[in-house]
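Only one structure is covered here, and it is reproduced in the block below.
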Amino acid sequence: MDTAPRPRWTPTLAYDSTRDMPRLTALAELRSALAMLEARNTALRCGVINEAGARIRAALALLGSKPDAT
Numbered sequence: 042m043d044t045a046p047r048p049r050w051t052p053t054l055a056y057d058s059t060r061d062m063p064r065l066t067a068l069a070e071l072r073s074a075l076a077m078l079e080a081r082n083t084a085l086r087c088g089v090i091n092e093a094g095a096r097i098r099a100a101l102a103l104l105g106s107k108p109d110a111t
């Protein structure tokens with residue numbers, strides 16, 4: 042039976058700005074839009090929801106996803 046301690050795995054963070062920056066930007070936009078909705082969840086104003094929806098759609102477009110047309 043092997044009882045030797047195993048080394049901890051640590052992820053390698055290879056940053057590629059041309060690939061990762063659009064994703065990071067999109068995720069930041071999603072976080073911001075969701076925070077906006079959460080902060081104003083008691084007052085469901087159409088303007089807030091429309092703005093947040095537009096930001097979410099823009100972030101999904103940056104990620105290369107095609108959201109459903111609703």
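In short: position in the sequence shown from 1, add 41, done, that's my numbering. C-beta atoms are modelled at their ideal positions from N, C-alpha and C, and glycine is treated no differently.
Exposed or buried, residue i, counting other C-beta atoms within 10 Å across all chains shown (16 or more means buried)?
i: A93; result: buried
i: A100; result: buried
i: N91; result: exposed
For residue i, collect the residues of the same chain with a Cβ closer than 6 Å to its Cβ; drop the 5 residues on either side in sequence, then sort them by chain order.
i: A74; result: A93, R96, I97
i: L104; result: A67
i: P63; result: L103
i: L78; result: A93
i: T111; result: Since pLDDT at T111 reaches only 49, below the 50 mark, its modelled position is unreliable, and no value is offered.
Return the chain-ordered list of same chain residues with a C-beta closer than 7 Å to the C-beta of residue i, the five sequence neighbours on each side being excluded.
i: L71; result: I97, A100
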